[in-house]
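Notes follow the structure.
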Amino acid sequence: MRKLWIIALAAGCGNGVASFEKAADEQLQVQREFAKILEGVKDKATADAAKPRIEALSIRVDEIEKTVRALGEPTAEESRRVIEKMRTGIAEINERMKVIVARLDAGSHEIALSIEEPAARFMQKCKVVCEMLGG
């Protein structure tokens, strides 16, 4: 289980982006939404309620991946700006996720198991998009 949460710290996206910088903004927004969903998980009922919301975020990640692929290769300047944006944003999100992960790790195993599969799927997709954006 701990491995899953560690991946979360390194991991997001959505639709309607037309540039690498907008894609990075959306990436970070989706990761923030994921953290907010996990912050609301307090028991089995809230864990079960979180699953479809996490799955919806996964769909947004799929959409942003398609968009980023369609953008082709970024220029050196775009790449520099996006990498800096991602580093700053991910650092902030990672701090938030550390608190969430510690709380979930200390809680009920049943709760963690309930969200493990959709969370792992989401985070794997996020990892792909983050790598595409240079994160």
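Using my numbering, the letters of the sequence shown map in sequence onto residues 29 to 163. Using N, Cα and C, we set each Cβ at its ideal position, and we do this for glycine too. Note that the coordinates shown come from a computational prediction; the quantities given were computed from them, not determined experimentally.
Sequence-distant residues of its chain with Cβ nearer than 6 Å to residue i (five each side left out)
| i | result |
| --- | --- |
| M29 | For M29, the predicted model reports a pLDDT of 44, less than 50, meaning its position is unreliable; a value from the coordinates is still stated below. So the list reads A140, once near-sequence residues are dropped. |
| P102 | F48 |
Enclosing alpha helix (DSSP H) for residue i [first to last residue]
| i | result |
| --- | --- |
| S142 | 137–160 |
| V58 | 48–67 |
Proximal residues to residue i (C-beta, below 8 Å), its chain only, five neighbours per side dropped
| i | result |
| --- | --- |
| E93 | C41, K153, V156, V157, M160 |
| E106 | S47, F48, E49 |
| K79 | S142, I143, P146 |
heavy atom of the ligand GTP below 7 Å from residue i C-beta
| i | result |
| --- | --- |
| A134 | Because no ligand of any kind appears in the structure shown, any question about the ligand GTP cannot be addressed here. |
Beta-carbon gap between residue i and residue j smaller than 8 Å
| i | j | result |
| --- | --- | --- |
| V129 | E49 | no |
| A51 | T116 | no |
| A63 | R124 | yes |
| R81 | I121 | no |
| V58 | R97 | no |
Same chain, Cβ closer than 7 Å to residue i, neighbours up to 5 away in sequence not counted
| i | result |
| --- | --- |
| E67 | I128 |
| E83 | P146 |
| E138 | K72 |
| D90 | K153 |
Integer Cβ distance of residue i from residue j, believed to fall under 8 Å
| i | j | result |
| --- | --- | --- |
| S86 | F150 | 5 Å |
| I143 | A75 | 5 Å |
Quiz item: Mind pulling the alpha helix (DSSP H) runs of 4 or more residues that sit fully within the region 75–117?
Solution: none
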